[in-house]
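Residue numbers (my numbering): -9 to 535.
Have a look at the structure below before the remarks.
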């Protein structure tokens, strides 16, 4: 009897559905133009080889990475069995222990390094139901660090927050929330995607809805922030819970963050359709009631760690090549493309290197950072605590924007490293480099952990990936699950990264530290200087989400 892996069955089913749809006119999706960044660069840059690589280590790295990849297996274990990795949570600790155990299986030394403490919180089960004027299960996500209902059901009528303009107006409204569930954000008038409106709606309909939505969103924009103590005041006034909704432009997709102000009051994100229904019922005085039950545990301040894996350099142990990716995530789903994909890329790259290239010239480190979502805290603390790594850094390679193939990179602050990166790529198979646009120098940035190295003037490189509509579909959303990973792209990226690290480690020359002048990114008239690193945040005392 033939057996199939889950991956093979999913692939076969997908191909069957696609073929069936294509064979039935009018039944399949409309043709979509290929994203230009998904195509090879035309004409091919000089660093794209026209013949096969000749370096025997490059050939072995290719074979190990593309023929014996562990990327898909590792991703499935992490995302399905362990899941999201909220900074300071027990689940983050569990995930970090999994890293240590897996690196041990690879024969790689790895350790946890404490960089501070954080407000620890454990998620439990959550239910919400509309009980009047009809019965319906509601699509809800409890926000991270939310309060709970003590494991009991709590029921209340639904009210809409008054869009007050002053503390006095807020104080006058506040007594009305006792025993109620408060809707605290604007609803969407339609949860259809903009593409459908553009394709099918009358122009007058679209213009009218757009205008009404802008006015509605503006009315409730920031309403929970106008009084800094909004959530604690609402709790003290006897509210049952706060419901909000953060739509992400597609049906079923919402952004899921932490509970604002770390509210002790239960706070929930509600799916677009259900939230709109609740809002309409309340506004039209049709008696909506909701029953909720939420379990969570506030565990107080607990130690937080980065995980550092290491292969010691044989001849230049005090010089470093760093593979960088943040390991923490929000909790809308599993944190797949933000940033399990970057984490698995670096993990698999080190596995490949250990198998093929176990004695590098320079020391190779992998930094699995915690606290990135709260402000680059883990990587910022690491660079502050390890000046020897900053001083001896040959390159840091950082990846943090989704599942797609790497299609862009650049020298960051150091223009002389652009030709060096091109020279590295010229030794790699064209299958990896044909998609890559090599940019010019850029600024320090602030969006990911490469900034924690750049702000010290150290050479850090971002590996930019195809978006797969990352910003709307998966970034901090309730749909960022294993199925959004493209395993072929993950395999591609890990192999590419392993080759970059090998070539950087074996480079006979040190990378350049000559800075671009002026440094891009400053406001008009503002001079950016290096180092310009802020003090890393090592505890949650000033954190407001």
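Ideal Cβ placement from N, Cα and C applies to all residues, glycine included.
{"Check": "Determine the DSSP secondary structure at residue 398, reduced to helix, strand or coil.", "Outcome": "strand"}
{"Check": "Is it buried or exposed for residue 70, if we count other Cβ within 10 angstroms and need 16 for buried?", "Outcome": "exposed"}
{"Check": "Residue range of the beta strand (DSSP E) that residue 353 falls in?", "Outcome": "352 to 359"}
{"Check": "Let me confirm a value: residue 131 is counted as buried when at least 16 other C-beta atoms fall within 10 Å, else exposed. Which label applies?", "Outcome": "buried"}
{"Check": "How long is the line joining the alpha carbons of residue 54 and residue 121, rounded to whole angstroms?", "Outcome": "57 Å"}
{"Check": "Grab the span of the alpha helix (DSSP H) containing residue 265 for me, first residue to last.", "Outcome": "262 to 273"}
{"Check": "Kindly indicate the opening and closing residues of the beta strand (DSSP E) around residue 293.", "Outcome": "279 to 301"}
{"Check": "On a CA-only basis, which of 431, 423, 480, 446 is nearest residue 393? Give me that one, please.", "Outcome": "480"}
{"Check": "Among all the DSSP beta bridges, which residues are the ones paired with residue 171?", "Outcome": "148, 231"}
{"Check": "Tell me which same chain residues have a C-beta within less than 7 Å of the C-beta of residue 81, skipping the five on either side of it?", "Outcome": "72, 73, 74, 75"}
{"Check": "Could you check if residue 233 is buried or exposed, using at least 16 other CB atoms within 10 Å of its CB as the buried criterion?", "Outcome": "buried"}
{"Check": "Measuring alpha carbon to alpha carbon, tell me which residue in 389, 353, 378 is nearest residue 359.", "Outcome": "389"}
{"Check": "According to the neighbour-count rule (16 or more other Cβ atoms, all chains shown, within 10 Å of its Cβ), is residue 190 buried or exposed?", "Outcome": "exposed"}
{"Check": "If I follow the unbroken beta strand (DSSP E) through residue 506, where does it start and stop?", "Outcome": "First-last for residue 506: undefined, no H or E at that position."}
{"Check": "Assuming residue 227 and residue 164 form a contact by the criterion Cβ under 8 Å, report the distance between their Cβ atoms to the nearest whole angstrom.", "Outcome": "5 Å"}
{"Check": "By DSSP, does residue 307 sit in helix, in strand, or in coil?", "Outcome": "strand"}
{"Check": "Would residue 156 be called buried (16 or more neighbouring beta carbons within 10 Å of its own) or exposed?", "Outcome": "exposed"}
{"Check": "Taking residue 446 as the reference, give the member of 434, 455, 452 with the closest Cα.", "Outcome": "434"}
{"Check": "With C-beta atoms as the reference, is residue 177 less than 8 Å away from residue 265?", "Outcome": "yes"}
{"Check": "Counting beta carbon pairs with one atom in the region 352 to 367 and one in the region 436 to 446, are three or more of them shorter than 8 Å?", "Outcome": "yes"}
{"Check": "Does the distance from the CB of residue 77 to the CB of residue 291 come in under 8 Å?", "Outcome": "no"}
{"Check": "Assign residue 4 to one of two classes, buried (16 or more other C-beta atoms within 10 Å of its C-beta) or exposed (fewer than that).", "Outcome": "Because residue 4 carries a pLDDT of 37, less than 50, the predicted location of this residue cannot be relied on, and the following value inherits that uncertainty. Exposed, since its Cβ has fewer than 16 Cβ neighbours within 10 Å."}
{"Check": "What residues in its chain sit with their C-beta under 7 Å from that of residue 255, if we drop five residues either side in the sequence?", "Outcome": "137, 221, 224, 225, 229, 231, 232"}
{"Check": "Going straight from the alpha carbon of residue 28 to that of residue 456, what length do you get?", "Outcome": "7 Å"}
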